[in-house]
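In the numbering used here, the protein residues as written are 1 to 575. Cβ coordinates follow ideal geometry from the N, Cα and C atoms, glycine included. Below is one structure, written out as structure tokens; comments come after it.
Okay, structure coming up:
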């Protein structure tokens, strides 16, 4: 694993104490800002007393702290080994509302049945290793891009006042506050150096909060915050547990949606931590989803809200130059502290919507472009373009599609929870359908007296696009393939100069294979190049040099022949 240039601290690099505390506070400010979700649910459930909200918020924070520790500890079968936290998400609320509306169902079932979410994720984690040919790089790119676009849309809604958290009216002052907060983040990231550059998001949040206080944008929220106690032990579980068979289906759907969100978020983590990353590493990804499932079993025990992997928090860490998993211990400690301090929970609710929107918009730019780069890293034919394009259209168009689903199937409205899940499902489904009829190996014969470099290039590029291979291995295969053709003709290795050669290609997501068959003499695959003196003295040394270059350009090279004089040259290129 090679650390990218924009990352100052790699996965296993310890963090200096002051920097770790600053980054953890930055993470805390972002994760805690979404405590508005427990507040929304508490109000919708009729819990007018602040104690009900505080108990739910504390339970949710405890679950978030637990899952971070599980992820960064990376036990043998549990935990991804990367820093990626979970956060409260509005995507789980429709399913919870649906369960609450069932006859005879109460809050005991709404929260107690969260164990179904956990079991769904644990079961799904054991299927991930079998998804090697399904969850491809372009599918990962769609997931990451939809996470970024979702963050950006939410950020714009918050900044422009179309989705303000506390019903705050849009004013010129609030718009100015968000704009200055965003400008501070961008300015620190682009022009600042050292610690200030790493703390650019936190600097923007502090500037936005200071301006909000100065302009008196939140008098009611400030008064409510002053009434909160400093320390309070939460009453857990908040409501207890009960079994509700009708709750199984919506929570299975919720678990599946959260699993897909986790896969997309972990793709961001892996790519930001490794400069040589080319595809999702499924084993740690499966352990990460499994750890989330265990955390949701704990959430059912303490009556916390279901949580989603936070693409925003991961992007925030990457934008700050840190991929260190040690950040997780600091963040988990602060989340645990916050669960016991109501004034900290209330402080998050003071954060103006326009300032939160500025942070989301700032993070969305990094995440969206990262997803676009993932998609562009693969060669795409029309099938893959359609699969990716339709997935993005469905994912971004869920606000338009959801009312139609609710109208046609009111009882299935909770299925349309997430544009991310819908977009990824569409891309996976279309990719799976388009795989029908695609052969994993293709052969073509070339008459060497009429074959040009363009013929070889066009054939290999068409196969690369068909299979979604990366550009680099296909380019190397084109170069090596033409070197082989030139060696066969230039050094008279063919039994008949007018004969044809057969070129076969193969692909299995990890390896691009090029096989050349012809009748004649073997191309020597030398492990050492000839010396300058040998090149001057013998034409055979030229052939040896060609064989050496061919073997060095491919990841694996093997030449063989049979008794009939049929030679086979097998070259493999890591995808």
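Those residues which DSSP pairs with residue i across a bridge
| i | result |
| --- | --- |
| residue 290 | DSSP, once it has assigned bridges, lists no residue as partnering residue 290. |
| residue 511 | 574 |
| residue 500 | 447 |
| residue 506 | 441, 513 |
| residue 520 | 494 |
| residue 308 | 87 |
| residue 576 | The structure shown does not extend to residue 576, since the chain is modelled only from 1 through 575, so no value can be given for it. |
| residue 9 | 322 |
Unbroken alpha helix (DSSP H) run spanning residue i, endpoints
| i | result |
| --- | --- |
| residue 362 | 353-376 |
| residue 334 | 327-339 |
| residue 427 | 419-434 |
| residue 394 | 382-396 |
| residue 109 | 107-112 |
| residue 551 | 540-553 |
Closest residue to residue i among the options (Cα-Cα distance)
| i | options | result |
| --- | --- | --- |
| residue 372 | 149, 505, 72 | 149 |
| residue 270 | 337, 41, 280 | 280 |
| residue 89 | 557, 502, 420, 545 | 420 |
| residue 244 | 490, 98, 141, 511 | 98 |
| residue 351 | 240, 204, 391 | 204 |
| residue 200 | 503, 276, 358 | 358 |
| residue 277 | 254, 118, 228, 370 | 370 |
| residue 343 | 54, 20, 38, 557 | 54 |
| residue 64 | 134, 556, 334 | 334 |
| residue 68 | 107, 190, 28, 471 | 28 |
| residue 66 | 381, 299, 472, 319 | 299 |
| residue 366 | 21, 211, 316, 551 | 316 |
| residue 497 | 503, 485, 554, 507 | 485 |
| residue 399 | 423, 376, 364, 380 | 423 |
| residue 237 | 305, 474, 404 | 305 |
| residue 215 | 20, 345, 261, 178 | 178 |
| residue 649 | 197, 336, 242, 345 | No answer is possible for residue 649: the residues shown for the chain start at 1 and end at 575. |
| residue 512 | 266, 472, 487, 500 | 472 |
| residue 107 | 145, 493, 41 | 41 |
Neighbourhood of residue i by C-beta, 8 Å cutoff - its chain only, sequence neighbours within 5 removed
| i | result |
| --- | --- |
| residue 360 | 151, 152, 154, 155, 158, 312 |
| residue 565 | 495, 519, 520 |
| residue 283 | 129 |
| residue 384 | 138, 378, 431, 434, 465, 468 |
| residue 15 | 9, 23, 322, 324, 326, 327, 330 |
| residue 380 | 138, 388, 465, 468 |
Extent of the continuous beta strand (DSSP E) run through residue i
| i | result |
| --- | --- |
| residue 598 | No answer is possible for residue 598: the residues shown for the chain start at 1 and end at 575. |
| residue 559 | 556-561 |
| residue 87 | 86-88 |
| residue 318 | First-last for residue 318: 311-319, but that is the alpha helix (DSSP H), not the beta strand (DSSP E). |
Sequence-distant residues of its chain with Cβ nearer than 7 Å to residue i (five each side left out)
| i | result |
| --- | --- |
| residue 207 | 180, 181, 184 |
| residue 6 | 321 |
| residue 547 | 523, 524, 525, 526 |
| residue 386 | 430 |
| residue 462 | none |
| residue 428 | 134, 139 |
Cut-off 6 Å between Cβ atoms - residues of its own chain near residue i, not counting five sequence neighbours on either side
| i | result |
| --- | --- |
| residue 79 | 70, 71, 73, 287, 291 |
| residue 17 | none |
| residue 259 | 121, 124, 289 |
| residue 273 | 11, 323 |
| residue 339 | 58, 61, 62 |
| residue 426 | 390, 391, 394 |
| residue 4 | 275 |
| residue 8 | 321 |
| residue 110 | 96, 99, 100 |
| residue 164 | Because the pLDDT at residue 164 is just 44, under 50, the model does not fix this residue reliably, and the value given afterwards should be weighed accordingly. 353. |
| residue 248 | 116 |
| residue 251 | 113, 116, 117 |
| residue 255 | 117, 120, 121 |
| residue 232 | 342 |
| residue 561 | 522, 567 |
| residue 303 | 59, 111, 237, 238, 239 |
| residue 167 | Model confidence at residue 167 stands at a pLDDT of 48, short of 50, so the residue's coordinates are unreliable and nothing is read from them. |
Proximity test, Cβ basis, 7 Å: residue i and chain B
| i | result |
| --- | --- |
| residue 76 | The structure shown contains no chain B; it holds only a single protein chain. |
- Task: Scan the stretch 198-272 and note each continuous beta strand (DSSP E) run of 3 residues or more that stays entirely inside, going in chain order.
- Result: none
- Query: Where in the stretch 116-175 do unbroken runs of the alpha helix (DSSP H), each at least 4 residues long, occur, reported from the N-terminal end onward?
  - Reply: 137-160
- Item | beta strand (DSSP E) runs wholly inside the stretch 465-489, at least 3 long, in chain order | none
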